[in-house]
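FYI, the numbering for the sequence shown is 160 to 316, going by our numbering. Note that CB positions come from ideal geometry on N, CA and C, so glycine has one too. Please read these numbers as outputs of a predicted model, since none were measured by experiment.
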Amino acid sequence: MSIEVNNESGLSVDAEALVRLARFVFDRLWLHPQTELSILLVDEPAMERLHIELMDEPGPTDVLSVPMDELTPGTPGKTTPQGMLGDIAICPQVALSQAQRGGHSADDEMLLLATHGILHLLGFDHAEPEEREEMFTLQRELLTEFLGRPAPSETVA
């Protein structure tokens, strides 16, 4: 399992917690042990550039996901094929602002965003109400189990 965190944000972030979380999610969703993931932490100007480039939307956002091998969750008897899950870009500055609005820690917000990003890489979406319910329920369950306490509520950029 290769999980890389590259912090170009200028803020101190608990990269080890992000790696532990990703490993936890990979285990819970039966991903192949050699699945690869890259997490890039960027400042607001860099996130805005990515947001425009990838989504054609202005302004920085909290998290962006770029899937590579279009992997989906495995099952208890069958892991996913080995492959590159993709890249997640997270903006800690936006996460800090959202955490303040949501009344929880910036560390919790970073973990929530990483979980959200991984689920997007696995094909989950929240465009439709039923998709949103499925994705956000799984997100809360995974993060609650990882933290050993209730997960923070989702905030909006």
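**Asked** Between 192, 198, 275, which lies nearest to residue 292 when the distance is taken from Cα to Cα?
**Response** Along the sequence shown, one-based indexing puts residue 292 at 133. Here the closest residue by C-alpha is 275.
**Item:** Start-to-end residues for the beta strand (DSSP E) that takes in residue 243
**Value:** For the purposes of this step, residue 243 is taken as the residue at position 84 of the sequence shown. 243-249 is the extent of the beta strand (DSSP E) around residue 243.
**Asked** Does the distance from the C-beta atom of residue 244 to that of residue 230 stay below 8 Å?
**Response** On the sequence shown, residue 244 is found 85 positions in, with the first residue counted as 1. On the sequence shown, residue 230 is found 71 positions in, with the first residue counted as 1. Contact flag set, yes.
**Three-state secondary structure (DSSP) of residue 161** = In the sequence shown, counting from the first residue as 1, residue 161 sits at position 2. Strand at residue 161.
**Request:** Would you kindly report the start and end of the unbroken alpha helix (DSSP H) that includes residue 190?
**Result:** For the purposes of this step, residue 190 is taken as residue 31 along the sequence shown, with counting starting at 1. No alpha helix (DSSP H) contains residue 190, which DSSP labels as neither H nor E.
**Asked** CB-CB under 6 Å to residue 263, same chain, minus the five flanking residues each way: which ones, in chain order?
**Response** In the sequence shown, residue 263 corresponds to position 104, counting from 1. Correct list, in chain order: 311.
**Request:** Find out if the Cβ-Cβ distance for the pair residue 249, residue 302 is shorter than 8 Å.
**Result:** Taking the sequence shown and counting its residues from 1, one reaches residue 249 at position 90. Taking the sequence shown and counting its residues from 1, one reaches residue 302 at position 143. In this structure, residue 302 does not lie closer than 8 Å to residue 249 by Cβ.
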